[in-house]
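K.L.:
Protein chains in written order, with the numbering used here: chain A, 77 to 293; chain B, -12 to 354.
Given below as structure tokens:
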């Protein structure tokens, strides 16, 4: 986190907690133990939330390895600042807000890196037989009879990736992670009206994108 | 609500985050508007597609890696500010080595930057100090003069012999160096440095001292109302016989700078005692009262066996006729006139043999 110059969203956590209505947090006990320095308690929180956090990061960033790094950094940052977490929001909400922030920063870095690179490994390679595009095996599925479904999923991911950052994170947080408008507004520091309009536009754009790829929905 | 408003509300309608009134309005509109009905359908299918995306699994090592990083973080947290002063042993020695090296190099450069500035200034300061200390009196001052003297020896600083007026406080003059014998133009003011204090305290060093054939004590008289005898007594009490320098007037020339001081041998105790005795005798019995005033300068010394600078004495009847082996000469300067009192030291007391006066460039016995 430090080496990437990322700000740890300590203040953001406060906003998140303010906006979120006090909820029953299953993690309250583990969080309390972690605040007291119990590393085993924190490990249980990591194991419990790592998948959801990875998926959030992965859908926002679009790159699995980058998402893995972001998740690691986010859990370390969360531990560093766990004493500032006062339990007014769910731990998972607070953690997600950190993920979203670090993912944003990661995307900025990736973009500036790509801007400086002469070529990318994903670029088509010219051979004697013509152009050859890299086709890495998908991590999601390996079963042949689900080829068609996988194809749709790849298209959906492509359409999500095609969205601007602001629209993408709202869509991921709402439709994939099913946070409420208020929670999303707290994480992104925007009003829920803005969340609603962004979500509407994001869904419309994905709909149009999918219609282009798949014909009928 | 208009058609467009309802189109924009469809997203919220699906999420159920609208008021009951809005919900009724939208549902009423959907019954009549096919476009909105289709749009709602497509929107629902889109959301379904998005939600249908399979979740990715985290790598098996992820939790372990996270916890490894968290443990490092926890250790640093535990150490806190205090712990940061105590670096791990793997880092500390190299840092210490670099620090020591840095200090050494810095010290070396500071030393080098200071060195050239101090070296040239050393010699002048010492010389100046020696000159300043020379006309001081008293035991303590005399000790300092000794130190200066050794500095003079090593530095081979020449000193011009000259008359010195006796200050109200007792004055001490540096011994004047002798001039080689065969120099007819310049006669030798033989120095006599008498240091009782040192002689008593440092027998070993005294043994090394050579007996000088020419001893001389000077007591230049200043302050008209001061009794020269009192001054002499004071001087004696201080354990000091001032070795004054006095220009020889035999050839009628001014005194010349003496030879290197380092070559001047030290006087014996006996000589010094006798010189003091001679001077006391001179002041008490032979010095005219009219001369006991400001402007009188006198000094005593032993007549060297080789008569260095005093060759004219050989022709003197008084000198030749005396069989006395210990002869002393008191050089006197008073109102531009020079005279010399020749004494013989016998049976522990001085006896005046004769008085010489300078007339037409030659020394003649006073009748």
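Just so you know, even glycine gets a beta-carbon here, dropped at the ideal spot from N, CA and C. Here the structure is a predicted model, which is why all the values come from computation and not from measurement.
Report yes or no: do the segment 179 to 187 of chain A and the segment 131 to 146 of chain A share at least 3 C-beta pairs separated by less than 8 Å?
P.N.:
Yes: at least three Cβ pairs fall under 8 Å.
K.L.:
Check each candidate in B/328, B/299, B/307, B/58 and name the one with the smallest Cα separation from residue 317 of chain B.
P.N.:
Working through the second chain from its first residue, we reach residue 317 of chain B at position 330. It is B/328 whose Cα lies nearest to the Cα of residue 317 of chain B.
K.L.:
Please list the terminal residues of the continuous beta strand (DSSP E) segment that includes residue 267 of chain A.
P.N.:
Start at 1 with the first residue of the first chain, and residue 267 of chain A comes out as number 191. That residue, residue 267 of chain A, is in no beta strand (DSSP E); it is neither H nor E in DSSP.
K.L.:
List the residues of chain A whose Cβ lies closer than 8 Å to the Cβ of residue 30 of chain B, in chain order.
P.N.:
Reading the second chain from its first residue, position 43 is the one you call residue 30 of chain B. Correct list: 279, 280, 283.
K.L.:
Give every residue of the same chain whose Cβ lies closer than 8 Å to the Cβ of residue 263 of chain A, excluding the five residues on either side of it in the sequence, and list them in chain order.
P.N.:
Here residue 263 of chain A corresponds to residue number 187 of the first chain, with the count starting at 1. Hits under 8 Å: 88, 92, 169, 172, 173, 176, 249, 255.
K.L.:
I need the straight-line Cα distance from residue 62 of chain B to residue 45 of chain B, nearest angstrom please.
P.N.:
For this step, residue 62 of chain B is matched to residue 75 along the second chain. For this step, residue 45 of chain B is matched to residue 58 along the second chain. Looking at the two C-alpha atoms, the distance is approximately 26 Å.
K.L.:
Determine, for residue 21 of chain B, whether the minimum Cβ-Cβ distance to residues of chain A falls below 8 Å.
P.N.:
As a first step, residue 21 of chain B must be located in the second chain, where it is residue number 34. Not an interface residue.
K.L.:
Based on Cα-Cα distance, which residue from A/230, A/150, A/114 lies nearest to residue 181 of chain A?
P.N.:
As a working note, residue 181 of chain A is residue 105 in the first chain. Selected option, being the one with the closest Cα: A/150.
K.L.:
Decide if the segment 6 to 20 of chain B is in contact with the segment 259 to 277 of chain A; the criterion is three or more beta carbon pairs, one per stretch, under 8 Å apart.
P.N.:
Using a Cβ-Cβ distance cut-off of 8 Å, the segment 6 to 20 of chain B and the segment 259 to 277 of chain A are not in contact, since fewer than three pairs of beta carbons, one from each stretch, lie closer than that value.
K.L.:
What does a CB cutoff of less than 6 Å around residue 189 of chain B pick up in its chain, not counting 5 residues either side in sequence?
P.N.:
The residue you call residue 189 of chain B lines up with position 202 of the second chain. Residue placement at residue 189 of chain B cannot be trusted, given a pLDDT of 48 that sits under 50; what the coordinates show is reported in the next sentence. Here the set comprises nothing.
K.L.:
Report the CB separation of residue 301 of chain B from residue 294 of chain B in whole angstroms; it is logged as a contact under 8 Å.
P.N.:
As a first step, residue 301 of chain B must be located in the second chain, where it is residue number 314. As a first step, residue 294 of chain B must be located in the second chain, where it is residue number 307. That belief holds up - the Cβ atoms of residue 301 of chain B and residue 294 of chain B are roughly 6 Å apart, short of 8 Å.
K.L.:
Which residue's Cα is closest to the Cα of residue 10 of chain B: B/42, B/0, B/298?
P.N.:
The sequence position of residue 10 of chain B within the second chain is 23, counting from 1. Minimum Cα distance to residue 10 of chain B is reached at B/0.
K.L.:
Suppose you measure from the CA of residue 143 of chain A to the CA of residue 236 of chain A; what does that come to, to the nearest Å?
P.N.:
Taking the first residue of the first chain as position 1, residue 143 of chain A is located at position 67. Taking the first residue of the first chain as position 1, residue 236 of chain A is located at position 160. Cα to Cα, the separation comes out at about 15 Å.
K.L.:
Pull the bridge partners of residue 338 of chain B from the DSSP assignment, please.
P.N.:
Reading the second chain from its first residue, position 351 is the one you call residue 338 of chain B. In the DSSP output, where bridge partners are listed per residue, residue 338 of chain B has B/331.
K.L.:
What does residue 30 of chain B pair with, by DSSP beta-bridge criteria?
P.N.:
By one-based count along the second chain, residue 30 of chain B stands at place 43. Paired residue(s): none; residue 30 of chain B is not in a bridge.
K.L.:
How far does the alpha helix (DSSP H) with residue 293 of chain A in it reach, from first residue to last?
P.N.:
As a position in the first chain, residue 293 of chain A is number 217, starting the count at 1. Premise fails: residue 293 of chain A is in no alpha helix (DSSP H) and is neither H nor E.
K.L.:
Is the beta carbon of residue 23 of chain B sitting closer than 8 Å to the one on residue -5 of chain B?
P.N.:
Position 36 of the second chain, counted from the start, is the residue given in the question as residue 23 of chain B. Position 8 of the second chain, counted from the start, is the residue given in the question as residue -5 of chain B. No, they are not a contact pair.
K.L.:
Find the residues of chain A that neighbour residue 38 of chain B, judging by a C-beta separation of less than 9 Å, and give them in chain order.
P.N.:
Indexing the second chain from 1 puts residue 38 of chain B at position 51. Here the neighbours are 251, 252, 254.
K.L.:
Would you kindly work out how many angstroms separate the C-alpha atoms of residue 165 of chain A and residue 5 of chain B, rounded to a whole number?
P.N.:
In the first chain, residue 165 of chain A corresponds to position 89, counting from 1. In the second chain, residue 5 of chain B corresponds to position 18, counting from 1. Distance between the alpha carbons of residue 165 of chain A and residue 5 of chain B is about 23 Å.
K.L.:
Can you give the Cα-Cα distance for residue 266 of chain B and residue 320 of chain B, rounded to whole angstroms?
P.N.:
Counted from its first residue, the second chain places residue 266 of chain B at position 279. Counted from its first residue, the second chain places residue 320 of chain B at position 333. In a straight line, the C-alpha of residue 266 of chain B is about 14 Å away from that of residue 320 of chain B.
K.L.:
Report the partner residues of residue 324 of chain B according to the DSSP bridge assignment.
P.N.:
Numbered from 1 along the second chain, position 337 holds the residue referred to as residue 324 of chain B. Looking at the DSSP assignment, residue 324 of chain B forms a beta bridge with B/321.
K.L.:
I need the DSSP call for residue 169 of chain A, collapsed to helix, strand or coil.
P.N.:
Locating residue 169 of chain A in the first chain gives position 93, counting from the first residue. In this structure, residue 169 of chain A counts as helix in the three-state DSSP scheme.
K.L.:
How big is the Cα-Cα spacing for residue 271 of chain A and residue 231 of chain A?
P.N.:
Residue numbering aside, residue 271 of chain A sits at position 195 when the first chain is read from its first letter. Residue numbering aside, residue 231 of chain A sits at position 155 when the first chain is read from its first letter. Rounded to the nearest angstrom, the two C-alpha atoms are 24 Å apart.
K.L.:
Here's the rule: buried if 16 or more other CB atoms are within 10 angstroms of the residue's CB, otherwise exposed. What is residue 53 of chain B?
P.N.:
By 1-based counting over the second chain, the position of residue 53 of chain B is 66. Answer is buried; the Cβ neighbour count reaches 16.
K.L.:
Enumerate, from N- to C-terminal direction, the unbroken alpha helix (DSSP H) stretches of 4 or more residues contained entirely within the segment 119 to 175 of chain A.
P.N.:
140 to 156
K.L.:
Would you mind listing the alpha helix (DSSP H) stretches within the segment 255 to 327 of chain B that are 4+ residues and don't spill past its ends, in chain order?
P.N.:
256 to 268, 304 to 308
K.L.:
Answer with buried or exposed for residue 291 of chain B, where buried requires no fewer than 16 other C-beta atoms within 10 angstroms of its C-beta.
P.N.:
Here residue 291 of chain B is taken as the residue at index 304 of the second chain, counted from 1. So residue 291 of chain B counts as buried.
K.L.:
Quick one: does residue 123 of chain A have its CB under 8 Å from some CB of chain B?
P.N.:
The sequence position of residue 123 of chain A within the first chain is 47, counting from 1. Closer than 8 Å to some Cβ of chain B, the Cβ of residue 123 of chain A qualifies, so yes.
K.L.:
Is the shortest distance between the beta-carbon of residue 242 of chain A and the beta-carbons of chain B less than 8 Å?
P.N.:
Your numbering for residue 242 of chain A matches position 166 in the first chain. No, its Cβ sits nowhere closer than 8 Å to a Cβ of chain B.
K.L.:
Roughly how many whole angstroms lie between the Cα atoms of residue 156 of chain A and residue 246 of chain A?
P.N.:
Residue numbering aside, residue 156 of chain A sits at position 80 when the first chain is read from its first letter. Residue numbering aside, residue 246 of chain A sits at position 170 when the first chain is read from its first letter. Spanning the two alpha carbons is a distance of roughly 27 Å.
K.L.:
Should residue 95 of chain B go down as buried or exposed, given a rule of 16 or more other Cβ atoms within 10 Å for buried?
P.N.:
Along the second chain, read from residue 1 onward, the residue named residue 95 of chain B stands at position 108. Exposed, because fewer than 16 other Cβ atoms sit within 10 Å of the Cβ of residue 95 of chain B.
K.L.:
Please classify residue 98 of chain A: is it buried, with 16 or more other beta-carbons within 10 angstroms of its beta-carbon, or exposed?
P.N.:
What you label residue 98 of chain A is simply residue 22 of the first chain in a count that begins at 1. Caution is warranted here: a pLDDT of 49 is assigned to residue 98 of chain A, below 50, making its placement in the model unreliable, and the coordinate value is therefore given only provisionally. Residue 98 of chain A comes out exposed.
K.L.:
With a cut-off of 8 Å, does the C-beta of residue 289 of chain A fall near any C-beta of chain B?
P.N.:
For this step, residue 289 of chain A is matched to residue 213 along the first chain. By this cut-off, residue 289 of chain A is not an interface position.
K.L.:
Name, please, each residue of chain B whose Cβ falls closer than 9 Å to the Cβ of residue 229 of chain A.
P.N.:
In the first chain, counting from the first residue as 1, residue 229 of chain A sits at position 153. Correct list: 36, 39, 40, 41.
K.L.:
Identify each residue in the segment 51 to 65 of chain B for which the Cβ-Cβ distance to at least one residue of chain A is less than 7 Å, and report them in chain order.
P.N.:
52, 53, 54, 56, 57, 58, 60, 61
K.L.:
Who are residue 351 of chain B's beta bridge partners in DSSP?
P.N.:
Mapped onto the second chain, residue 351 of chain B falls at position 364. Beta-bridge pairing links residue 351 of chain B to B/344.
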